[in-house]
Structure formats: structure tokens, C-alpha cells
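Residue numbers (my numbering): -9 to 417.
For each residue, glycine too, the CB sits at the ideal point set by N, CA and C.
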């Protein structure tokens, strides 16, 4: 009976534990947002508003815990009461057996002692089931994440002797997210990028630029068509090889709470015997990314520890460190997704000149909103609503007087009263 009662209590408590975990997760998320976004909160004088939101969330968490406690206390008197009833029956019946001569006093005392030893574990069963439901509720989201099936079929065996040249081909590629197949992001993309060449990609926010390059690194697989690297379907390459040979400098830069050298050399083997060579590589890549000067101006240079997510560094500094990290991996294909949006024109020009020295050694794809970032590319494509609407060199596209030419005119300031270029928000 006690086990059945404990089981019923556990089943009724489970939904309440799940609700508590969800409330606690919301509260944690709110705290994290307010710590990271404290400048925005202060800039808009929304301290009272955010405090009120947190108080409401905290009160919700408190009330859910109170509800659970009330539910639990409904059953605990039954568990305790049954234990005492069992003890009363034992003493009464055992005493009668002793008086009747059917049992010795020593046997009764021994039996009663063992019963008391058993009473506490049985009583604790309810608490254990309660705790189990609490822990199980906390593991629900973790279990979902760990058991989630990948939409990408992996080839695990990588041949280290195979070197990617960097030729990229898109053949009739469509892409839509699995939960939104009716709204394709990319439509009938046909594109060929020779190894060692430079490709520039322009397009409005939401036109599919970032999604297009994500297919190369196999963050997604196309819904229709094929993406080929060196004439071989990217799905036939081992994923480890693809990720080693394709480096993406993303719009949203992420830095670890580590030294600057540790962040730049993140993708490199940490061989203690070749520390000098590793340090030389890190510094050389930092120079290419125009990061060496500001790094050396810091108190501890390359050994300066950056805070979580690079707190304390400007957007441009974080972008340059992210570029240096990608270059240090020596990829066959380098993808720069709006990498220089937060740097000044002079620094961007320096980076472009340094990258020119690498011409022919790797395929470079640049996504940008500024014409200056892509005008020297061997080919430029303009995306609009997931389709390639224009392609050619800078001179060809200007001569066509199409979409690219309109962007070019705006950014040169030849068309008054309109903003220069596209937005620089992430897609």
C-alpha cells in the first residue's frame, strides 16, 4: 500500500516538477539577458520594467513550488500514519503472542527492532520518488537534445592524405528548413567557383546569403540538387574533412574565455613541442587580420585573457580575431560572412590587401553589404529572395545598370536622399 501511495504521489507531482523547471529556465534566461544586455536596458531607462518582469517570473516560480509542496503534504500524513498503524498492530499482536507463550520476549524485541529499521526506508520511499520526479523533469530537455537525430548523414572515416583544392559547384540547389518546406530559402541555385578564385555575394537582409554558404560547410544539406567540392558531392566527403577545409567567419563572432592566442589558435593542434611554430602562425594570421597592433597594445599582449564572449573588446576587434582564427586553420575554402562590417574603411583596406597576397592559395567567398569588400572578386553574384538575379565581375555588373549598379550608385552617394547600401543586420 505504501509503495502504491508513493507511486501515485510521484505521478501527480511530475507535471508540477516540469512546470517548475520551465519557470526556473525562464528566470535564468531573463537574468542572463539582463546581464548581457545591461547597456541596452540602461540606455532606454528600462530598469524598472525589467525589474518588474523579473519579479513576476520569480513570483511564478515561488507559487509553483508552493503548489507542489501543498500537493506533497497531502500524501505525507498517509505515509507517516500507515507506518505508525503498522507499528501499533505489531506491538499489539506481538504482545498478545508473548503473553500467550507463542513467542519469546527476545524474539519479539528483535522483530520489532528490525521493523523499525525497515520503517524509515519505507517512509523515505515517498521522498525518493519525489526527488526522482524532480530530477527526471530537469533531464527532459537534456534528453531531447541528446536523442535528437541529425538530418545530416555522416561519413566518419576521414583520409588525412586527401587535400581539398577548393572548387565549389552548386547544381540546381533548393533549400528549405524541415519544418517550413513551403517557404524555400534558396531556389534553383546554379553556381561554379573555380579553386583559388574569389567570389563576392551581395543581397538584401534575408535573401539567403548566409544559408548559401552554410551548405558548403554542411551545416545543412540541400532540399534538392547537389553541392560539390572538387567535383564530389559534399555529402560523400567525411564531415571532418569538410569542416577542416572550410572555415567560416560568421556574422556573430564568438570568443572563448581564454587568452587571445588561445582563441586564434583554437583550431590548431596544441603540440607543446612546436610552441614556437604555433606562436609564429598565430601572430602571422593576426597581422593579416589587422589585429596585431591592438593586441600588442594590451597589457599582456597575446596572453591577455578576454572575458566571456569577448567582453571588453569592440565589435571590430572581435571580428578581426575571428578572421585570424579562421586563417590560422589554413583552410582550402575561406568564407567571410560580413566579416568587416564593424571595422573602419582603412582597416578593411589593409585586410583586403593582406588577403590579396593569398590569392590563388585558397578559395575565398565574401558576403558583404559594402561594394568595396567585393569589387575585386573574380565573380560577384547578387541574391534576391533566394535566387541569383545577377552575376559577373564588378565592371560587368556596373555596365548592366541593374541591381548591383543601383547599390553602387547609392554607396558612392550619387543618388541623394537615400541611405548608402544595405542594412548590416544578420540574416
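The shortest C-alpha to C-alpha distance from residue 221 to any of 154, 359, 304 is the one to 154. The count of Cβ pairs closer than 8 Å, one atom from the stretch 283 to 303 and one from the stretch 195 to 210, stays below three, leaving the stretches out of contact.
Using a 10 angstroms sphere on the CB of residue 309, the tally of other CB atoms reaches 16 or more, which defines it as buried. Within the same chain, Cβ atoms closer than 6 Å to the Cβ of residue 332 are found at 305, 306, 309, the five residues on either side in sequence being excluded. The DSSP assignment places complete beta strand (DSSP E) segments of no fewer than 3 residues inside the stretch 160 to 201 at 176 to 183, 188 to 193, in order along the chain.
Judged by DSSP in its simplified three-state form, residue 218 adopts strand.
With distances taken between CA atoms, residue 173 lies nearest to 196 out of 368, 196, 78. Excluding its 5 nearest sequence neighbours in each direction, residue 295 has C-beta neighbours in its own chain below 6 Å: 249, listed in chain order. Of the other Cβ atoms in all chains shown, 16 or more fall within 10 Å of the Cβ of residue 273; this residue is therefore buried.
Following the DSSP letters along the chain, one finds residue 30 inside the alpha helix (DSSP H) bounded by residues 28 to 33. Excluding five sequence positions before and after residue 373, the CB atoms of its chain that fall closer than 6 Å to its own CB belong to 193, 197, 198, 199, given in chain order. Contact between residue 134 and residue 368 is absent: CB atoms are separated by about 45 Å, not below the 8 Å threshold. Counting C-beta pairs with one atom in each stretch, the stretch 96 to 111 and the stretch 36 to 47 have fewer than three that are closer than 8 Å, which means they do not touch. DSSP lists no beta-bridge partner residue for residue 328. In its chain, beyond the 5 residues on either side, no residue has a beta carbon closer than 6 Å to the beta carbon of residue 265.
Within the stretch 337 to 415, the runs of alpha helix (DSSP H) at least 4 residues long that lie entirely inside it are, in chain order, 384 to 390, 393 to 402. Close CB contacts of residue 30 within its chain, under the 6 Å cut and outside five residues either way in sequence, are absent. Per DSSP, the unbroken alpha helix (DSSP H) holding residue 232 starts and ends at 229 to 235. Take the alpha-carbon of residue 91 and the one of residue 81: they are about 15 Å apart.
Close CB contacts of residue 55 within its chain, under the 8 Å cut and outside five residues either way in sequence, are with 10 (chain order).
Taking the Cα of residue 169 as reference, the smallest distance to any Cα among 213, 129, 105 is reached at 213. By DSSP's assignment, residue 239 forms a beta bridge with 326. Taking residue 345 as reference, the option from 20, 391, 244, 186 with the minimal CA-CA separation is 186. The Cβ atoms of residue 317 and residue 285 do not sit closer than 7 Å to each other.
Put simply, the backbone Cα of residue 289 is about 21 Å away from that of residue 315. In the same chain as residue 293, and ignoring 5 residues on each side of it, the C-beta atoms closer than 6 Å to its own belong to 249, in chain order. According to the DSSP secondary-structure assignment, residue 223 is paired through a beta bridge with 218. Sorting 126, 89, 178 by C-alpha distance to the C-alpha of residue 1 places 126 at the top. When the beta-carbon positions are compared, residue 355 and residue 378 stay at least 7 Å from each other. Counting along the chain, residue 267 sits inside the alpha helix (DSSP H) bounded by residues 265 to 278.
When beta bridges are read from the DSSP output, residue 249 appears opposite 295.
Boundaries of the alpha helix (DSSP H) around residue 282: 282 to 286.
In this structure, the CA atom of residue 322 is about 27 Å from the CA atom of residue 166. Relative to residue 281, the option among 361, 380, 337, 352 whose CA is nearest is 337.
Taking a contact as a CB-CB distance under 8 Å, the pair residue 384 and residue 365 counts as one, their CB atoms being some 4 Å apart. By the criterion of a C-beta distance shorter than 7 Å, residue 177 is surrounded in its chain by 164, 376, 377, once the five residues flanking it on both sides are discounted.
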